[in-house]
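If you read the sequence shown in UniProt numbering, its first letter stands for residue 1, the second for the next number, and so on.
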Amino acid sequence: MAPTVVLITGCSSGMGLAEAVHLATVSKHDFKVYATVIDLGEKGDLEKAAGDSLDKKLFIHQLDVTKEDTIKSVVDEILREDGRIDVVGIRELNNARVTGNYTGFFFYNPPSSVDIAQHLMNVNLFGPARVIQAVLPTMKKQMSGRIINTTSGTGIEGTPFLEFYSASKFALEGFSESIAPVLRKGYNIRVSILEPGAVKTHLLTRCLDPAFKIEYICGTWEEKGQQLYKDYWEKDLKPRVFAYQQPEEIAQLLEEIILSDDPHLRYQSDPLLKATAAAKLKDPTSDSVFKLFKSLR
Ligand code: NAP
């Protein structure tokens, strides 16, 4: 039987790296993984982690979700090699390299904040939309496919001090929820939203470092803002951050979603988030969405 062909974005580090490596090297299922990175100069960790699976089950390509030509080039390559695309897993964020520090950037770091917010939307919302647009013609022709968008707990609850990051994740949630019933009914393409809590990747390691000082984040803000943030960090954020999961746990969840015969629309990665989703959403799996529209049941 032919392997399940998977395209994953944002694999230079973190969850994307763990997911690509898990599917190619740990899973008992036969996957062929196209693991993509923005910059091939950053593929070192992925290559090392892929080990013997490199160029056998895991293939590294360059893809930037803000650049359509790079998406098209990878999709064309997959179709030339395999003639099908079974799964696309999309995960990226406007990382710290780009924004300097995205926490509280809008209200507390005013200079050029709107530009930064637009960039964040371009990566986190329009990026996945571009990738989905590129794989849809193939998945529609196949009458099958899985699309898994990574959002965040910040896409379930508006997270203080992460206003546009949170907004970008809400936007991706809305986008995913809106395409899911149509693609499911019309083309047997299943869309799922993976909502991680705190996960020990580059995003968190800075905060976990014993040398980390909260002033690194809010030290330049006005006094009241600093007070609010420090209180929020101590009482709310810090306990969540230190209850982190490992990227491999998210990779395991991704595999479960892919291999499920009837995947849910939403998956929360940890019990805290499941409780948050349950408090906010009557049905945390959100499968009720599929019953909402008579024409799309
Ligand atoms: P990470 O290690 O920084 O991984 C993010 C990946 O996205 C990197 O490989 C990065 O590439 C890539 N990326 C950034 N801009 C991109 C673009 N324009 N095109 C293609 N790839 C791009 O962080 P992570 O924690 O694994 O994050 C993965 C996803 O999980 C993100 O969507 C994030 O919002 C979400 N998330 C993370 C946490 C957490 O606690 N870590 C919690 C909830 C949700 P470069 O490194 O080469 O720039």
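The C-beta atom is built at its ideal place from N, Cα and C for all residues, glycine as well.
Bear in mind the structure is a predicted one, so any value in this text is a computation, not a measurement.
- Message: According to DSSP, simplified to helix, strand and coil, what is Thr4?
- Response: In the sequence shown, counting from the first residue as 1, residue 4 sits at position 4. Thr4 falls in the strand class under three-state DSSP.
- Task: Pick out whichever of Pro271, Phe164, Ser295 and Ile217 has its Cα sitting closest to the Cα of Asn124.
- Result: Residue mapping note: residue 124 aligns to position 124 of the sequence shown, counting from 1. The option with the nearest alpha carbon to Asn124 is Phe164.
- Residue closest to Glu177, alpha-carbon to alpha-carbon, out of Val191, Thr70, Lys185 and Leu253: Against the sequence shown, residue 177 aligns to sequence position 177. Nearest C-alpha to Glu177: Val191.
- Message: Buried or exposed, going by whether 16 or more other CB atoms sit within 10 Å of the CB of Lys57?
- Response: Residue numbering aside, residue 57 sits at position 57 when the sequence shown is read from its first letter. Burial call: buried.
- Item | Close beta carbons around Asp287, own chain, < 7 Å, minus the five adjacent residues each side | Numbered from 1 along the sequence shown, position 287 holds the residue referred to as residue 287. Contacts found: His264 and Leu265.
- Leaving out five residues on either side along the sequence, give the residues of the same chain with a beta carbon under 6 Å from the beta carbon of Asn95. Position 95 of the sequence shown, counting from 1, holds the residue named residue 95. With a pLDDT of 48 at Asn95, under the threshold of 50, the predicted position of this residue should be treated as unreliable, and no value is reported.
- Item | Where Gly10 sits in the DSSP three-state scheme | Within the sequence shown, numbered from 1, the residue matching residue 10 stands at position 10. DSSP places Gly10 in coil when its eight states are reduced to three.
- Task: Classify Thr36 as helix, strand or coil using the three-state DSSP reduction.
- Result: Here residue 36 refers to the residue found at position 36 of the sequence shown. If DSSP states are grouped into helix, strand and coil, Thr36 belongs with the strands.
- Would you check if the distance between the CB atom of Thr70 and the CB atom of Leu63 is smaller than 8 Å? In the sequence shown, residue 70 corresponds to position 70, counting from 1. In the sequence shown, residue 63 corresponds to position 63, counting from 1. Yes.
- Taking 7 Å as the cut-off, is the CB of Ser49 close to at least one heavy atom of the ligand NAP? In the sequence shown, counting from the first residue as 1, residue 49 sits at position 49. It is Ala, not Ser, that sits at residue 49 in the sequence shown. For the ligand NAP, not one heavy atom lies less than 7 Å from the Cβ of Ala49.
- Task: Taking 8 Å as the cut-off, decide whether the C-beta atoms of Val87 and Thr4 are in contact.
- Result: Mapped onto the sequence shown, residue 87 falls at position 87. Mapped onto the sequence shown, residue 4 falls at position 4. Going by C-beta atoms, Val87 is nearer than 8 Å to Thr4.
- Which value, in whole angstroms, describes the spacing of the CA atoms of Ile257 and Glu222? Translated into the one-based positions of the sequence shown, residue 257 becomes position 257. Translated into the one-based positions of the sequence shown, residue 222 becomes position 222. Each residue's Cα considered, the two are about 44 Å apart.
- Message: In the DSSP output, which residue or residues are listed as bridge partners for His264?
- Response: To locate residue 264, count along the sequence shown from 1; it is residue 264. Per DSSP, none; premise fails for His264.
- For the beta strand (DSSP E) that Glu195 lies in, which residues bound it at each end? Counting from 1 along the sequence shown, the entry for residue 195 is found at position 195. Its beta strand (DSSP E) spans residues Ile189 to Glu195.
- His22 beta carbon less than 8 Å from that of Ala198: Residue 198 sits at position 198 when you count from the first residue of the sequence shown. Residue 22 sits at position 22 when you count from the first residue of the sequence shown. No, Cβ-Cβ distance for Ala198 and His22 is not below 8 Å.
- Give the range of the alpha helix (DSSP H) segment to which Phe290 is assigned. For the purposes of this step, residue 290 is taken as the residue at position 290 of the sequence shown. Residues Val289 to Leu292.
- Indicate, with yes or no, if the ligand NAP has a heavy atom lying under 7 Å from the CB of His202. Residue mapping note: residue 202 aligns to position 202 of the sequence shown, counting from 1. His202: yes, Cβ under 7 Å from the ligand NAP.
- The beta strand (DSSP E) spanning Gly44 covers which residue range? In the sequence shown, the residue the question calls residue 44 occupies position 44. Unbroken run through Gly44 is the alpha helix (DSSP H), Gly44 to Ala50; no beta strand (DSSP E).
- Is the beta carbon of Pro196 within less than 7 Å of some heavy atom of the ligand NAP? One-based indexing of the sequence shown puts residue 196 at position 196. Pro196: yes, Cβ under 7 Å from the ligand NAP.
- Query: Would the beta-carbon of Ser152 be found less than 7 Å away from any heavy atom of the ligand NAP?
  - Reply: Translated into positions along the sequence shown, residue 152 becomes position 152. Yes - the ligand NAP has a heavy atom lying nearer than 7 Å to the Cβ of Ser152.
- Message: To the nearest angstrom, how far is the alpha carbon of Arg130 from that of Gln268?
- Response: Locating residue 130 in the sequence shown gives position 130, counting from the first residue. Locating residue 268 in the sequence shown gives position 268, counting from the first residue. Going by the C-alpha atoms only, they are around 24 Å apart.
- Message: Can you list, in chain order, the residues of its chain with a C-beta nearer than 6 Å to that of Ser27? Leave out the 5 residues immediately preceding and following it.
- Response: Within the sequence shown, residue 27 is the residue found at index 27, counting from 1. Same-chain partners within the cutoff: Glu255.
- Task: Determine the direct distance from the alpha carbon of Thr138 to that of Ile189, and round the result to whole angstroms.
- Result: One-based indexing of the sequence shown puts residue 189 at position 189. One-based indexing of the sequence shown puts residue 138 at position 138. Between Ile189 and Thr138, the C-alpha separation is close to 11 Å.
- Task: Following the continuous beta strand (DSSP E) through Val88, name the residue where it begins and the one where it ends.
- Result: Here residue 88 corresponds to residue number 88 of the sequence shown, with the count starting at 1. Per DSSP, Val88 belongs to the beta strand (DSSP E) from Val87 to Ile90.
- Query: Which one of Gly89, Val74 and Arg91 has the shortest CA to CA distance from Gly83?
  - Reply: One-based indexing of the sequence shown puts residue 83 at position 83. Looking at the Cα atoms, Val74 is the closest of the given residues.
- So is Lys280 in contact with chain D if we call contact Cβ pairs under 8 Å? As a matter of chain content, chain D is missing from the structure shown, which is built from one protein chain.
- Is Glu42 near the ligand NAP, going by C-beta to nearest heavy atom under 7 Å? Walking along the sequence shown from the start, residue 42 turns up at place 42. Within the cutoff, so yes.
- Query: At which residue ranges does the segment 214-292 contain complete alpha helix (DSSP H) runs of 4 or more residues, listed in the order of the chain?
  - Reply: 215-218, 223-232, 238-242, 247-259, 271-280 and 289-292
- Just tell me which of Glu19, Gly127 and Gly41 has its CA closest to the CA of Lys32. Numbered from 1 along the sequence shown, position 32 holds the residue referred to as residue 32. The shortest C-alpha separation from Lys32 is found at Glu19.
- Whose CA, out of Val37, Leu292, Val289 and Phe59, lies closest to the CA of Ile90? Mapped onto the sequence shown, residue 90 falls at position 90. The shortest C-alpha separation from Ile90 is found at Val37.
- Query: Is the distance from the Cβ of Ser13 to the Cβ of Thr201 below 8 Å?
  - Reply: For the purposes of this step, residue 13 is taken as the residue at position 13 of the sequence shown. For the purposes of this step, residue 201 is taken as the residue at position 201 of the sequence shown. The answer is yes: Cβ separation under 8 Å.
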